[in-house]
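Okay, so here's the structure we're looking at.
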Amino acid sequence: MSPSSAPENFVHEPIAEADPRVTFEELGVMPDIVAALAEIGITHPFPIQALSIPIAIQGTDMIGQARTGTGKTLAFGISLLQRIAVPGQPEYEELEAPGKPQALVMCPTRELALQVTRDIAIASTKRKARVMTVYGGVGYDPQLDQLTAGVDVVVGTPGRLKDLADRRSLDLSHVKVLVLDEADEMLDLGFLPDVEKLIARTPSTRQTMLFSATMPSAIAALARTHLSHPVNIRAEAHDAQATVPDTTQFIYQAHNLDKPEIIAKLLQVPDADKIMVFCKTKRGVQRLTDDLIDRGFEATCIHGDLTQVSREKALKRFREGKVQVIVATDVAARGIDVANVSHVVNFECPDDEKTYVHRIGRTGRAGKKGIAVTLVDWADVTRWKVINRMLDLPFSEIAESYSSSPELMADLGIPAGTKGRIVPTKPRSEREDRGELLEQHGDRGSHGRDGGRGSRDGGHGGRDRDGGRGGRDRDGGQERSRTKDAASESGEAKPRRDRVRRRNGEPIAVDATAAVSGASEAGEDVASKSRRRRRRRTGGDASGAPVIEAASHAE
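The sequence shown begins at 369 in the numbering used here and counts up by one.
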């Protein structure tokens, strides 16, 4: 679609690409690093790299801010590689503690830490710097072995870094360069205690660099407490658009039950390559992934309930093109660089403008074009208007759309007649069958365990476990009730049970008439007093008739 024919909810501007007139050699980058970058086709720096590298390689503290997908990782990665000594250099042998980390990079998520490690390792293929990743969710032994063997650069998440530092397995007393990637998240209240403890273990003479796509004024003021006379670098004008301009944005007001159909049709767009879908909750991620697989699409997901190994495998399958779509929570929204992501879909309205910027930043990276689609529920219209105003976007009014709307299909390039399912609908899926069987087994198990109403007849009363209906009578009261009901249904009268009364341990006559005729005047008084005492103690006999009535007839 050309910009001239673009609908109202369309943004398209030329991106600030790498300047071909500037090379890394002119920025003062070492030949080994330049050669390593040239092997993967990187020869000219992006604006944030051109501005920050000459300053960073001199050891100056810095705050760098640029839009996501514009090369912040290499901006600090090249600088720290140039400032450390590696084995084989004369400077390495002169180090106070060779083999101890000389550079530390802290990242908010495991996926981002792995991404940063890969980028730095690529830039150091000629220089042979030893780079390791430290994160939770995996065993300690491999990381401890690698630290014992010696490393030059450590990239990790604050939690595991602090654990290793507390064990005295990670020595940060020789760090020359400290980098906080995605600084606004790293210095947020959730990460601040661990980050400050780790910073306190590093030398005061270190160089500190902070990089992020967003830098609120309060976070910038907090960051300055850890820096010494920092230089603030911004790779665009102060009024520049926060989102990457080469990403085409579409905003639709859609019903929650119709959203999977929209995404399923989007997956069949002819020029669609890899697609990332973001959901708010882990349960929503898993539900949408299962739905897409049931429709016949190759899909995978990453969220916090998965193990680290499973998350890495899912991301690897997506990178290698084995699956077309990956559904994720915001764990993948920051810093994950996957090539050829053509579409990003927000399944719900993001919580704020920062989340929106980082999510759609997964497409339109490094000068490539991308499409971002946001599906807004009716309840989130006001939230979207706040995001729209904060980012100065032209989507203040969004139209109600459905998967069959001609305007939506034309905007997204969905061919006419496209269906949201590429495999026939099964009468009953295996998942439903399995779920039904599990539910049946669960009901039977609960009856057998609680020993209550359903323990003998295998039937009714599964709520006894929870203290619900009949939960107070577990000693057979419900069994008596069922026997009484069965007897009444069969028309049989329940036989009256004679009560045996005792006085001072001896049985007494039950028949009140016999007791009266065989007793004296004094005996009658005693019996009357006893009956009065019994009337106070007992509310009735087995037949339900009040005792006082029996006594009155006897007299």
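Positions of the beta carbon are idealized from the N, C-alpha and C atoms, including for glycine.
N-terminal and C-terminal residue of the alpha helix (DSSP H) that residue 710 is part of: Residue 710 -> not in any alpha helix (DSSP H); beta strand (DSSP E) instead, spanning 709-714.
7 Å Cβ cutoff met for residue 512 and residue 541: Between residue 512 and residue 541, the gap from beta carbon to beta carbon reaches 7 Å or more.
Run of the alpha helix (DSSP H) containing residue 652, from where it starts to where it stops: Counting along the chain, the alpha helix (DSSP H) containing residue 652 begins and ends at 650-662.
From 550, 624 and 494, residue whose alpha carbon lies closest to that of residue 476: Closest option to residue 476, judged by alpha-carbon separation, among 550, 624 and 494: 550.
Cα-Cα separation between residue 408 and residue 448, rounded to whole angstroms: C-alpha separation (whole angstroms): 20 Å.
Separation of residue 460 from residue 646, as counted between CA atoms: Cα to Cα, residue 646 sits roughly 45 Å from residue 460.
Endpoints, alpha helix (DSSP H) assigned at residue 578: First-last for residue 578: 575-580, but that is the beta strand (DSSP E), not the alpha helix (DSSP H).
Exposure of residue 564, with buried meaning 16 or more beta-carbon neighbours within 10 Å: With fewer than 16 other CB atoms across the displayed protein chains lying within 10 angstroms of its CB, residue 564 is exposed.
Outcome for residue 624 when other beta-carbon atoms lying within 10 angstroms are tallied against a minimum of 16: A residue is called buried when at least 16 other Cβ atoms come within 10 angstroms of its Cβ; residue 624 does not meet this threshold and is exposed.
At least 3 beta-carbon pairs within less than 8 Å: the stretch 663-672 vs the stretch 726-739: Not touching, per the Cβ criterion.
Helix, strand or coil at residue 540 according to DSSP, with G and I counted as helix: Reduced to three states, the DSSP call for residue 540 is coil.
Simplified DSSP assignment, three categories, for residue 606: Low confidence applies to residue 606: its pLDDT is 48, below 50, so where it sits in the model is not reliable enough to give any reading.
DSSP bridge partner residues for residue 549 (one or two, in chain order): Bridge partners of residue 549: 579.
Closest by C-alpha distance to residue 575, when choosing among 649, 777 and 426: Ranked by Cα distance from residue 575, the first of 649, 777 and 426 is 426.
CB-CB length for residue 310 against residue 591, believed under 8 Å: A question about residue 310 goes unanswered here, because the residues of the chain that appear run from 369 up to 923.
Check whether residue 780 and residue 634 have beta carbons under 7 Å apart: Taking 7 Å as the Cβ cut-off, residue 780 and residue 634 qualify as a contacting pair.
Extent of the continuous alpha helix (DSSP H) to which residue 530 belongs: Segment 526-534, the alpha helix (DSSP H) holding residue 530.
3 or more residues per run - each beta strand (DSSP E) lying fully within the stretch 382-456: Within the stretch 382-456, the complete beta strand (DSSP E) runs of at least 3 residues are 430-433.
C-beta contact flag for residue 328 and residue 450 at 7 Å: Within the shown structure, residues of the chain are numbered from 369 to 923, placing residue 328 beyond reach of any answer.
Identified DSSP bridge partners for residue 696: Answer is 646 and 670, bridged to residue 696.
Chain-order list of residues whose beta-carbon lies under 7 Å from that of residue 487 (same chain, five-residue window excluded): For residue 487, where only same-chain residues beyond five positions count, the Cβ hits under 7 Å are 441, 442 and 445.
7 Å Cβ cutoff met for residue 731 and residue 712: In this structure, residue 731 sits near residue 712, with a CB-CB distance shorter than 7 Å.
Integer-rounded CB distance, given that residue 547 should sit under 8 Å from residue 473: Going by Cβ atoms, the distance from residue 473 to residue 547 rounds to 4 Å, so yes, they are a contact pair.
Exposed unless 16 or more other CB atoms sit within 10 angstroms - verdict on residue 601: Label assigned to residue 601: buried.
According to DSSP, residues forming a beta bridge with residue 758: Residue 758 is not bridged to any residue.
Spatial neighbours of residue 685 in its chain, beta-carbon cut-off 7 Å, leaving aside the 5 residues before and after: Only residues of its own chain outside the window of five on either side were considered, and among them 668 and 691 have a CB closer than 7 Å to the CB of residue 685, listed in chain order.
Which of helix, strand or coil DSSP assigns to residue 835: Model confidence at residue 835 stands at a pLDDT of 40, short of 50, so the residue's coordinates are unreliable and nothing is read from them.
Residue 682 to residue 455 span [Cα, whole Å]: About 35 Å.
Residue range of the beta strand (DSSP E) that includes residue 618: Unbroken beta strand (DSSP E) run through residue 618: 615-621.
Spatial distance of residue 699 from residue 428 (CA atoms): Their Cα atoms are separated by approximately 31 Å.
Local conformation of residue 629 per DSSP, three classes: Residue 629: helix per DSSP, three-state reduction.
Cutoff 6 Å; reference residue 706; Cβ partners in own chain excluding five residues on either side: Leaving aside the five residues that flank residue 706 on each side, the residues in its chain whose CB is nearer than 6 Å to its CB run, in chain order, 687.
Classification of residue 413 by the beta-carbon crowding that lies within 10 angstroms, buried from 16 upward: In this structure residue 413 is buried. Its beta-carbon is surrounded by 16 or more other beta-carbon atoms within 10 angstroms.
Coil, strand or helix - residue 519 by DSSP: The answer is coil: DSSP assigns residue 519 none of H, G, I, E or B.
One or two residues paired with residue 600 in a DSSP bridge: Checking the DSSP bridge columns, you'll see residue 600 partnered with 431.
Whole-angstrom distance between residue 674 and residue 767, CA atom to CA atom: Rounded to whole angstroms, the separation of the alpha carbons of residue 674 and residue 767 is 36 Å.
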